[in-house]
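Here's the structure, in structure tokens; my notes come after.
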Amino acid sequence: MTRQALVVRGGWDGHSPVEATDLFIPHLEANGFTVRVEDLGTDFGPGSTATPTVYTDADYLATVDLIVQCNTMNTIEKEEFEGLRTAVENGTGFAGWHGGIADSYRSNSDYLTLVGGQFGCHPGKHPDEREGGPQDNYVPYRVTMTPAAASHPITSGIEDFDLVTEQYWVLSDDYVDVLATTTQAVREWDPWTRPVTSPAVWTRQWGKGRIFVATPGHDPATLKDENVTTIIERGLLWAAR
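Quick note: the sequence shown uses the UniProt record's numbering, first residue 1, plus one each step.
Quick look at the structure:
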């Protein structure tokens with residue numbers, strides 16, 4: 001049976017939306033999905049017309065089993081968001097990684113509630129080590145699996161692992177089912193006074209739809225990490241109708 005997947009990609013080009021999603025389209029096709037891609041381009045912010053208009057096509061979305069979104073920041077119109085939310089409530093899966101799903105549409109609080117976790121910041125290196133580029137935010141950190149991860153189809157068999165990339169500090173609620181966490185340490189130059197643990201991989205049930213989010217995935221190199229690849233590949237299949 002062929003299922004339908006919609007890939008919506010665009011927004012801030014620092015997350016390589018085309019190259020990143022291209023890593024997973026063959027996986028979807030190999031698992032029986034016909035994939036449609038909506039390229040929004042990298043024009044985003046106030047005045048941008050690169051909004052996800054495909055989300056207003058209710059008849060089409062009713063046929064979609066999985067939406068994979070990689071659309072960092074950017075904006076979404078009221079009708080577009082309502083179309084997305086309705087599709088998820090009716091059973092369309094919604095999945096993504098890093099800023100493509102957890103740092104989208106910052107001005108839409110209903111979207112943030114739908115996803116369940118929002119990028120807050122990614123504390124970087126010591127100020128003396130910063131050179132002004134993206135590498136200033138690449139720090140070593142551990143992704144720690146929760147007890148629930150051992151028996152979940154997304155994370156079964158995956159142990160704690162380490163990365164050197166952006167470490168997302170996520171603002172979330174307790175309606176997320178957390179499969180992995182990451183903890184911001186307190187360093188001598190930081191203003192917070194105790195370690196802060198954020199979800200790094202989570203799922204969420206919304207109506208009849210499943211939502212999957214992984215915060216690792218800043219760039220294709222991170223997405224190619226064996227553990228990250230496996231979690232995302234499984235997460236996409238888990239979320240699908």
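Cβ coordinates follow ideal geometry from the N, Cα and C atoms, glycine included.
| Asked | Found |
| --- | --- |
| By how many angstroms is the C-alpha of Trp202 removed from the C-alpha of Val176? | 6 Å |
| For the beta strand (DSSP E) that contains Glu38, what are its first and last residues? | 33-41 |
| What distance in whole Å lies between the Cβ atoms of Val88 and Gly11, which are believed to be in contact at a cut-off of 8 Å? | Going by Cβ atoms, the distance from Gly11 to Val88 rounds to 20 Å, so no, they are not a contact pair. |
| On the DSSP letters alone, give me the boundaries of the beta strand (DSSP E) that Ala5 sits inside. | 3-11 |
| Run through DSSP, which three-state label would Val186 get? | coil |
| What ranges does the alpha helix (DSSP H) occupy inside the segment 56-111, keeping only unbroken runs of at least 4 residues that lie completely in it? | 58-61, 78-89, 99-102 |
| Quick check: the Cα distance between Gly122 and Gly99, rounded to an integer number of angstroms? | In the sequence as displayed, the identity of residue 122 is His instead of Gly. Each residue's alpha carbon lies about 11 Å from the other. |
| Out of Gln4, Asp13, Ser109, point me to the one whose CA is closest to Val65's CA. | Checking the displayed sequence, the identity of residue 65 turns out to be Asp instead of Val. Out of Gln4, Asp13, Ser109, Gln4 has the C-alpha closest to the C-alpha of Asp65. |
| Where Asn71 and Glu188 are concerned, what is the direct C-alpha to C-alpha distance, given to the nearest angstrom? | 34 Å |
| State whether the segment 28-38 contacts the segment 92-106, with contact taken as three or more CB pairs (one from each stretch) at a distance under 8 Å. | no |
| On a Cα-Cα basis, can you pick out the residue from Asn108, Thr230, Ala50 that is closest to Lys78? | Asn108 |
| Would you decide whether Arg9 is buried or exposed? Buried here means 16 or more other CB atoms lie within 10 Å of its CB. | buried |
| Within this structure, are the beta carbons of Val54 and Leu114 separated by less than 8 Å? | no |
| Could you round the C-beta distance between His27 and Glu226 to whole angstroms and report it? I think they count as a contact, below 8 Å. | Not a contact, Cβ separation roughly 14 Å. |
| Going by Cα to Cα distance, which pick from Ser48, Gly45, Ala180 is closest to Ser151? | Ala180 |
| Within 8 Å of any Cβ in chain C, is that where the Cβ of Asp190 sits? | Considering every chain present, this structure includes no chain C. It has just one protein chain. |
| Could you give the uninterrupted runs of the beta strand (DSSP E) lying entirely in the segment 123-151, keeping only those of 3 residues or more? | 139-145 |
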